[in-house]
Structure formats: C-alpha cells, structure tokens
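Student:
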Amino acid sequence: MPGNGDVPFTHANISLAREQLAYKPTTNPDVGPKKFKWYLSYYGYTRGSKNFPQ
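The sequence shown runs 0 to 53 under numbering that gives the first Met the number 0.
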C-alpha cells in the first residue's frame, strides 16, 4: 500500500514540467537519496534535531 508521499498516491508526473519548462532531471533516482543523506550529514542535520527537514 503506497504512503501519502508515494508516486501512485500523489500521481506525481513530470511530463507537464518537461513540456512547458524543458525540465530534464539529471539525478539518478538510485543516487539522489544517497547524495541527500550525505548533504544532511555534512551540514550537521540529525533526526530529532529542530532543524531536521520534515
């Protein structure tokens, strides 16, 4: 069962952005979360901290 933020639930679709804005994502979905995890670690974000992104 997909969660609230999952693609099937939100019907996430970038086709309109591709068409109207020439949007072309360059981050591979397999690599993106690892880079984001590194970013959080590098800048000192930790779970439970006041500044942790929700």
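Glycine included, C-beta positions come from ideal geometry on N, C-alpha and C.
Residues in its own chain within less than 8 Å of LYS23 by CB, not counting five upstream and five downstream?
Tutor: Closer than 8 Å at the Cβ level, and outside the excluded window around LYS23, lie ARG17.
Student: On the DSSP letters alone, give me the boundaries of the alpha helix (DSSP H) that LYS23 sits inside.
Tutor: Counting along the chain, LYS23 falls outside any alpha helix (DSSP H), and DSSP gives it neither H nor E.
Student: Quick one: what does DSSP say GLY43 is sitting in, helix, strand or coil?
Tutor: Note: GLY43 maps to coil in three-state DSSP.
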